[in-house]
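Chemist: Chains as they are written, first to last, in the working numbering: chain A, 1 to 219; chain B, 1001 to 1219. Ideal placement from N, C-alpha and C gives every residue a C-beta, glycine not left out. This structure is in structure tokens; I'll ask about it shortly.
2 protein chains.
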Amino acid sequence: MAMGTKAKPILYSYFRSSCSYRVRIALALKGVEYEYRAVNLVKDGGQQHFDEYKQLNPMEMVPSFVVDGQALTQSVPIMEYIEEVYPQKPSLLPKDPLVRAQVRAVSEIINSGIQPIQNLPVLQYVGDEKKMEWGRYWIDKGFKGLEKQLQQTAGEFCVGDEVSMADACLVPQVFNANRFKVDMSQFPTINKIHQNCLNLEAFKAAGPTMQPDCPDDLK
Amino acid sequence: MAMGTKAKPILYSYFRSSCSYRVRIALALKGVEYEYRAVNLVKDGGQQHFDEYKQLNPMEMVPSFVVDGQALTQSVPIMEYIEEVYPQKPSLLPKDPLVRAQVRAVSEIINSGIQPIQNLPVLQYVGDEKKMEWGRYWIDKGFKGLEKQLQQTAGEFCVGDEVSMADACLVPQVFNANRFKVDMSQFPTINKIHQNCLNLEAFKAAGPTMQPDCPDDLK
């Protein structure tokens, strides 16, 4: 590599992983170029369990984001890092500490309150027979609380009228909700924000079907 | 209230809630005074489901942190807020963005990767008969990955030799691990950090048995 140039960051991602999808949205909003490396979570017994990948991500999950040879893990910390080192607009977090806390709270309702309970390892443990019902139950329950939370904070987006990290969490969770056939007619606020996000180019470009590892028959 | 004075923040907490415990540690490390309001998660069908509390916290969970009449929810966002508005030492996050990302990653491995799967609503859904085995399985699995992660970052504490938000997440999760009878002899790095934390007054003061809502027979 020539002196003075920096390697592009690398995103280890799976097209359908909602946590990878969040980071892809954040990178697209910021216009950050990166190298995409696919980790297939179901092929070969799960490529996230390969020795080489475990070195990067001891929890054996996606995404991982590698910057200057250093691996960062966990989607929300990766988005916080992106906000800190790529200050260009749009900001993933607002400036006021109380409003930042609201953006982070919506993000965490999804990141820690909903998604982990319907994540792949839990579904595998619950078993094929029960996994659809399990996933639907927990997303439905979580969205009932989230809808009320968003009624307190939403404008055009999750918190006010500026897109933020919270929206980068919401859209992939709606994608999961649809996979699990959650009745989305219960959630008008979530639906409105979701539609406003999907009108933005960054959200379109980050979508599962736009990724190089999306199988042709799902495009 | 006299003009020019500010009301103390209010923490809605349950003595045994690991997410409340994290925020109590953060507040104790910073030396922030606050009013403690107990929310009993099991009495009366769960006081977190009371109408008055649901207004503060639509997800019907603890903790909630009320500042100037505004309710903040979700433990990690509350700790981020505390760091932003109470800049006194110790810092809950280091300054370097890469190291901050490491602290946040360890925090999220616990906050989103382990705790939600063994949280009260999930255990209630799984049922009394299976809940001990379920909780033990997921904490054990999560700690196996976390131990490897910490081997890469730990010094005296989770990331290097300075206490941080990650430690405020770790100690309450070890408390849960012990409740679920996880074999902690597998995790020497976690154990070392845990002991270093418990040597600090702030961690002692924030412990479950030190809270006003801890029943006498558990003290």
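Just checking: is the beta-carbon of B:A1002 within a distance shorter than 9 angstroms of some beta-carbon in chain A?
Modeler: By 1-based counting over the second sequence, the position of residue 1002 of chain B is 2. Bear in mind that a pLDDT of 48 at B:A1002, under 50, signals an unreliable position, so the number given afterwards is only what the model happens to contain. Closer than 9 angstroms: no.
Chemist: For the pair the segment 1056–1069 of chain B and the segment 1097–1116 of chain B, tell me if three or more CB-CB distances fall below 8 angstroms.
Modeler: Contact fails: fewer than three Cβ-Cβ distances are below 8 angstroms.
Chemist: Could you list which residues in chain B have their beta carbon closer than 8 angstroms to that of A:Q74, in chain order?
Modeler: The sequence position of residue 74 of chain A within the first sequence is 74, counting from 1. In chain order: R1104, A1105, E1108, I1109, S1112 and G1113.
Chemist: If A:G75 and A:N111 are in contact, beta carbons under 8 angstroms, what's the gap, nearest whole angstrom?
Modeler: One-based indexing of the first sequence puts residue 75 of chain A at position 75. One-based indexing of the first sequence puts residue 111 of chain A at position 111. First, the amino acid is wrong: residue 75 of chain A is Ser here, not Gly. Indeed they touch by this definition, with Cβ atoms about 7 angstroms apart.
Chemist: My output table needs one value for A:G46: the three-state DSSP class, helix, strand or coil.
Modeler: Position 46 of the first sequence, counted from the first residue, corresponds to residue 46 of chain A. A:G46 falls in the coil class under three-state DSSP.
Chemist: CA-CA distance, A:L98 and A:E156?
Modeler: One-based indexing of the first sequence puts residue 98 of chain A at position 98. One-based indexing of the first sequence puts residue 156 of chain A at position 156. Roughly 19 angstroms separates the two Cα atoms.
Chemist: Can you give me, in chain order, the residues of the segment 75–98 of chain A that have a beta carbon less than 9 angstroms from any beta carbon in chain B?
Modeler: Those would be S75, V76, P77, I78, E80, Y81, E84, V85, P97 and L98, in chain order.
Chemist: Is there a C-beta anywhere in chain B that falls below 9 angstroms from the one on A:K54?
Modeler: Locating residue 54 of chain A in the first sequence gives position 54, counting from the first residue. Closer than 9 angstroms: yes.
Chemist: Which chain B residues sit within Cβ distance under 9 angstroms of A:G69?
Modeler: Here residue 69 of chain A is taken as the residue at index 69 of the first sequence, counted from 1. Per Cβ cutoff of 9 angstroms: no residues; A:G69 is ~11 angstroms from chain B at best.
Chemist: Along the segment 42–66 of chain A, where does the CB come closer than 7 angstroms to a CB of chain B? Name the residues.
Modeler: Here the close residues are P58, M59 and E60.
Chemist: On a Cα-Cα basis, can you pick out the residue from A:F203, A:Q152 and A:D96 that is closest to A:A168?
Modeler: Position 168 of the first sequence, counting from 1, holds the residue named residue 168 of chain A. Of A:F203, A:Q152 and A:D96, the residue nearest in Cα terms is A:F203.
Chemist: On the DSSP bridge list, what partners appear for B:Q1070?
Modeler: The residue given as residue 1070 of chain B occupies position 70 in the second sequence. Answer by DSSP bridge pairing, in chain order: B:V1067.
Chemist: Compare the C-beta of B:K1006 with all C-beta atoms of chain A and state if any pair is closer than 9 angstroms.
Modeler: Translated into the one-based positions of the second sequence, residue 1006 of chain B becomes position 6. Chain A contact via Cβ: absent.
Chemist: For A:I10, which of helix, strand or coil comes out of DSSP?
Modeler: Taking the first sequence and counting its residues from 1, the one referred to as residue 10 of chain A is at position 10. If DSSP states are grouped into helix, strand and coil, A:I10 belongs with the strands.
Chemist: Tell me which same chain residues have a C-beta within less than 8 angstroms of the C-beta of B:R1037, skipping the five on either side of it?
Modeler: Your numbering for residue 1037 of chain B matches position 37 in the second sequence. Excluding residues within five positions, the ones whose Cβ falls inside 8 angstroms are I1010, L1011, Y1012 and S1013.
Chemist: Does the distance from the C-beta atom of A:I82 to that of A:F143 stay below 9 angstroms?
Modeler: Start at 1 with the first residue of the first sequence, and residue 82 of chain A comes out as number 82. Start at 1 with the first residue of the first sequence, and residue 143 of chain A comes out as number 143. Not in contact: A:I82 and A:F143 (Cβ atoms no closer than 9 angstroms).
Chemist: Fully enclosed by the segment 1100–1186 of chain B, which alpha helix (DSSP H) runs are 4 residues long or longer?
Modeler: Segments of the alpha helix (DSSP H) lying fully in the segment 1100–1186 of chain B: 1120–1126, 1131–1153 and 1165–1179.
Chemist: DSSP beta-bridge partners for B:Y1036?
Modeler: Within the second sequence, the letter at position 36 stands for residue 1036 of chain B. Paired residues: B:L1011.
Chemist: Given a threshold of 16 other Cβ atoms within 10 Å of its Cβ, counted over all protein chains shown, does A:Q173 qualify as buried or as exposed?
Modeler: Reading the first sequence from its first residue, position 173 is the one you call residue 173 of chain A. Classification for A:Q173: buried.
Chemist: Would you identify the three-state DSSP class for A:C19, choosing helix, strand or coil?
Modeler: Counted from its first residue, the first sequence places residue 19 of chain A at position 19. DSSP places A:C19 in helix when its eight states are reduced to three.
Chemist: Would the beta-carbon of A:V39 fall within 9 angstroms of that of A:Y21?
Modeler: By one-based count along the first sequence, residue 39 of chain A stands at place 39. By one-based count along the first sequence, residue 21 of chain A stands at place 21. No, Cβ-Cβ distance for A:V39 and A:Y21 is not below 9 angstroms.
Chemist: Identify whether B:L1092 lies in helix, strand or coil by the three-state DSSP scheme.
Modeler: Numbered from its first residue, the second sequence carries residue 1092 of chain B at position 92. Note: B:L1092 maps to coil in three-state DSSP.
Chemist: Please name the residue in B:D1161, B:P1208 and B:S1185 whose C-alpha comes closest to that of B:N1176.
Modeler: Stepping through the second sequence from its first residue, residue 1176 of chain B is reached at position 176. Selected option, being the one with the closest Cα: B:P1208.
Chemist: Which first and last residues belong to the alpha helix (DSSP H) in which B:D1051 is found?
Modeler: As a first step, residue 1051 of chain B must be located in the second sequence, where it is residue number 51. Where B:D1051 is concerned, the enclosing alpha helix (DSSP H) stretches over D1051 to L1056.
Chemist: Here's the rule I'm using: 16 or more other beta-carbon atoms within 10 Å means buried, otherwise exposed. How should A:Q195 be labelled?
Modeler: Working through the first sequence from its first residue, we reach residue 195 of chain A at position 195. Exposed is the call here.
Chemist: Does any C-beta atom of chain A lie closer than 9 angstroms to the C-beta of B:G1155?
Modeler: The residue you call residue 1155 of chain B lines up with position 155 of the second sequence. No, B:G1155 does not count as interfacial toward chain A.
Chemist: Contact criterion: CB-CB distance below 9 angstroms. Does B:A1101 meet it with respect to chain A?
Modeler: Indexing the second sequence from 1 puts residue 1101 of chain B at position 101. With 9 angstroms as the cut-off, B:A1101 counts as an interface residue toward chain A.
Chemist: Exposed or buried, what is B:L1146 when buried is set at 16 or more other beta-carbons lying within 10 Å of its beta-carbon?
Modeler: In the second sequence, residue 1146 of chain B corresponds to position 146, counting from 1. It is buried - the Cβ of B:L1146 has at least 16 other Cβ atoms within 10 Å.
Chemist: Closer than 7 angstroms by beta-carbon distance: list the chain B residues that pair up with A:K148, in chain order.
Modeler: As a position in the first sequence, residue 148 of chain A is number 148, starting the count at 1. Ordered by position in chain B, the residues that pass the 7 angstroms Cβ test against A:K148 are P1058.
Chemist: Taking the alpha helix (DSSP H) that B:N1191 belongs to, which residues open and close that run?
Modeler: The residue labelled residue 1191 of chain B in the question sits at position 191 within the second sequence. Counting along the chain, the alpha helix (DSSP H) containing B:N1191 begins and ends at P1188 to L1198.
Chemist: For A:N199 and A:A205, I'd like the C-alpha separation in whole angstroms.
Modeler: Here the question's residue 199 of chain A lines up with position 199 in the first sequence. Here the question's residue 205 of chain A lines up with position 205 in the first sequence. Using only the alpha carbons, I get a separation of about 11 angstroms.
Chemist: I need the boundaries of the alpha helix (DSSP H) containing B:Y1081, first residue and last residue.
Modeler: Numbered from 1 along the second sequence, position 81 holds the residue referred to as residue 1081 of chain B. Per DSSP, B:Y1081 belongs to the alpha helix (DSSP H) from S1075 to V1085.
Chemist: Hey, would you say A:P121 sits closer than 9 angstroms to B:K1141, going by beta carbons?
Modeler: Taking the first residue of the first sequence as position 1, residue 121 of chain A is located at position 121. Taking the first residue of the second sequence as position 1, residue 1141 of chain B is located at position 141. Yes, the Cβ-Cβ distance between A:P121 and B:K1141 is below 9 angstroms.
Chemist: Name the chain B residues whose beta carbon is nearer than 7 angstroms to that of A:G145?
Modeler: Here residue 145 of chain A corresponds to residue number 145 of the first sequence, with the count starting at 1. Ordered by position in chain B, the residues that pass the 7 angstroms Cβ test against A:G145 are P1058, M1059 and E1060.
Chemist: Please report whether the beta-carbon of A:V122 lies at a distance below 9 angstroms from any beta-carbon of chain B.
Modeler: On the first sequence, residue 122 of chain A is found 122 positions in, with the first residue counted as 1. Chain B contact via Cβ: present.
Chemist: Leaving out five residues on either side along the sequence, give the residues of the same chain with a beta carbon under 6 angstroms from the beta carbon of B:N1057.
Modeler: Reading the second sequence from its first residue, position 57 is the one you call residue 1057 of chain B. Correct list, in chain order: S1064 and T1073.
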